[in-house]
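**Student:** This structure is in structure tokens; I'll ask about it shortly.
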Amino acid sequence: MPSCSLTRRFALQASLGLLAAPVLGQAQLPQFRTARYQFIELDPVEIMTPLSLQGLDGKPATARPVPGKVNLIYLWATWCPVCRITLPRFERQLADFRARGVEIVSISTDERDLAHVAEYLKRLGVRRLPVFYDRGGKVVAAPGTGQLLSNAEGLPVIYVTDRRGGVRGYMLGDADWASPAALALLDHVGTL
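The sequence shown lines up with residues -20 to -1, 1 to 172 when you count with mature numbering (1 follows the signal peptide of the UniProt record, and there is no 0).
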């Protein structure tokens, strides 16, 4: 009888191990939340499609994650009150983020013309932050392009990509991306 008991015990342990394997194989991202929003992890992770947009100079430009870096893809508009706070904050924090291996790619989804967007950024003192222009968010929200990014839930929205350009998740609203919880999330994504 001892061999029968041992066999059952082994079978039970083996089956529990198989059930746990998918959970253990996929590391969950650290939590990051504000009073109103939380970082939403996306599963499966898909690669961000490069976006054919315009630069602030009006010339065609391609917005894509910087390879080998964690990226914050920031969708915003001039009418967004939170964006008036976040854009200058990102401008001030840009060097610190880059020192951590994090890039910021900002995309204006304004209905207003490019000159209005450029003047708005000038008034806010935003000069170094990489900015792309997608009038009305038409490219970002275009159906059938396979694009994961969307401003349908509101603005601002920030998507986080890993070093290979995989979209790991997103967060709506104002958030301090230099907070310890946010940096823990970004550092973890940098290891994936």
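Yeah, the Cβ is synthetic: ideal placement off N, Cα and C, and Gly gets one too.
Model, not experiment: these values are computed from the prediction.
1) Give me whichever residues DSSP pairs with MET28 in a beta bridge.
2) State the DSSP-derived secondary structure class of ALA98, mapped to helix, strand or coil.
3) How would you label LEU135, buried or exposed, when you count the other beta carbons within 10 angstroms and need 16 or more for buried?
4) First and last residue of the alpha helix (DSSP H) that includes VAL62?
5) Quick check on the DSSP output: the beta strand (DSSP E) that includes LEU152 runs from which residue to which?
6) Anyone know if the C-beta pair for GLY153 and ILE27 falls short of 8 Å?
7) Starting from the C-beta of ALA(-7), find all residues in its chain whose C-beta is less than 6 Å away, skip the five residues before and the five after it, and write them out in chain order.
8) State whether the segment 60 to 80 contacts the segment 32 to 48, with contact taken as three or more CB pairs (one from each stretch) at a distance under 8 Å.
**Tutor:** Put simply:
1) Locating residue 28 in the sequence shown gives position 48, counting from the first residue. Per DSSP, MET28 has no beta bridge partner at all.
2) Sequence index remark: in the sequence shown, residue 98 carries index 118 (1-based). ALA98: helix per DSSP, three-state reduction.
3) For the purposes of this step, residue 135 is identified with residue 155 of the sequence shown, where counting begins at 1. In the assembly as shown, LEU135 is a buried residue. Its beta-carbon has 16 or more other beta-carbons within 10 Å.
4) As a first step, residue 62 is located in the sequence shown; it is residue number 82 there, counting from the start. Per DSSP, VAL62 is one residue of the alpha helix (DSSP H) stretching across 61 to 79.
5) Here residue 152 is taken as the residue at index 172 of the sequence shown, counted from 1. Counting along the chain, the beta strand (DSSP E) containing LEU152 begins and ends at 146 to 152.
6) Counted from its first residue, the sequence shown places residue 153 at position 173. Counted from its first residue, the sequence shown places residue 27 at position 47. No, the pair does not count as a contact, with Cβ atoms beyond the cut-off.
7) Within the sequence shown, numbered from 1, the residue matching residue -7 stands at position 14. In this predicted model, ALA(-7) has a pLDDT of only 40, less than 50, meaning its place in the structure is not dependable; the value taken from the coordinates is given anyway. Same-chain partners within the cutoff: there are none.
8) As far as the Cβ criterion goes, the segment 60 to 80 does not touch the segment 32 to 48, which means the pair count is below three.
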